[in-house]
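One structure below.
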Amino acid sequence: MFRNTRFLAQLVTGAISHKQILKTIELFGTKVAPVVRKETRKGN
-5 MFRNTRFLAQ
5 LVTGAISHKQ
15 ILKTIELFGT
25 KVAPVVRKET
35 RKGN
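Going by the working numbering, the first residue of the sequence shown is number -5, and it counts up by one from there.
As C-alpha coordinates, this is what we get:
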(Lines of atoms letter the chains of each structure in order from A and count residues from 1; the text may use other names and numbers.)
(Lines give C-alpha, C1' and ligand atoms only; values in the text may rest on other atoms or scores of the structure.)
Protein backbone atom coordinates (compact mmCIF):
# COMPACT_ATOMS: atom_id res chain seq x y z
CA MET A 1 0.00 0.00 0.00
CA PHE A 2 2.55 2.62 1.11
CA ARG A 3 5.63 0.49 0.36
CA ASN A 4 7.02 1.16 3.83
CA THR A 5 10.00 -0.94 4.80
CA ARG A 6 10.19 0.18 8.42
CA PHE A 7 7.81 0.78 11.27
CA LEU A 8 8.60 2.84 14.33
CA ALA A 9 6.49 2.39 17.43
CA GLN A 10 6.63 3.99 20.83
CA LEU A 11 5.27 1.82 23.59
CA VAL A 12 4.07 3.71 26.63
CA THR A 13 4.29 0.96 29.18
CA GLY A 14 3.52 2.54 32.51
CA ALA A 15 4.20 0.23 35.43
CA ILE A 16 4.45 -3.15 33.74
CA SER A 17 7.37 -5.52 33.98
CA HIS A 18 10.12 -5.97 31.42
CA LYS A 19 8.82 -9.50 30.81
CA GLN A 20 5.35 -8.13 29.97
CA ILE A 21 6.85 -5.55 27.61
CA LEU A 22 8.77 -8.28 25.77
CA LYS A 23 5.58 -10.34 25.50
CA THR A 24 3.73 -7.34 24.06
CA ILE A 25 6.41 -6.83 21.41
CA GLU A 26 6.37 -10.55 20.60
CA LEU A 27 2.58 -10.56 20.19
CA PHE A 28 2.71 -7.52 17.95
CA GLY A 29 5.25 -9.23 15.71
CA THR A 30 3.58 -12.63 15.62
CA LYS A 31 -0.14 -11.78 15.72
CA VAL A 32 -0.75 -8.17 14.71
CA ALA A 33 1.89 -7.48 12.06
CA PRO A 34 1.07 -10.54 9.90
CA VAL A 35 -2.61 -9.55 9.75
CA VAL A 36 -1.74 -5.96 8.87
CA ARG A 37 0.61 -7.18 6.12
CA LYS A 38 -2.06 -9.50 4.73
CA GLU A 39 -4.77 -6.84 4.76
CA THR A 40 -2.59 -4.14 3.21
CA ARG A 41 -1.55 -6.49 0.39
CA LYS A 42 -5.20 -6.78 -0.62
CA GLY A 43 -5.13 -3.17 -1.79
CA ASN A 44 -2.24 -3.75 -4.19
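We treat Cβ as the ideally placed atom computed from N, Cα and C, and that holds for glycine.
Cα separation between Thr34 and Gly23?
For the purposes of this step, residue 34 is taken as residue 40 along the sequence shown, with counting starting at 1. For the purposes of this step, residue 23 is taken as residue 29 along the sequence shown, with counting starting at 1. Roughly 16 Å between the two C-alpha positions.
Could you give the DSSP three-state label for Thr24: helix, strand or coil? Numbered from its first residue, the sequence shown carries residue 24 at position 30. Helix at Thr24.
Distance check for Lys32 and Leu5, CA to CA, integer angstroms please.
For this step, residue 5 is matched to residue 11 along the sequence shown. For this step, residue 32 is matched to residue 38 along the sequence shown. Taking the straight line from one Cα to the other gives about 23 Å.
Same chain, Cβ closer than 6 Å to Thr7, five either side skipped, listed in chain order:
Reading the sequence shown from its first residue, position 13 is the one you call residue 7. The beta carbon of Thr7 sits closer than 6 Å to those of Ile15, all from its chain and outside the five residues before and after it, given in chain order.
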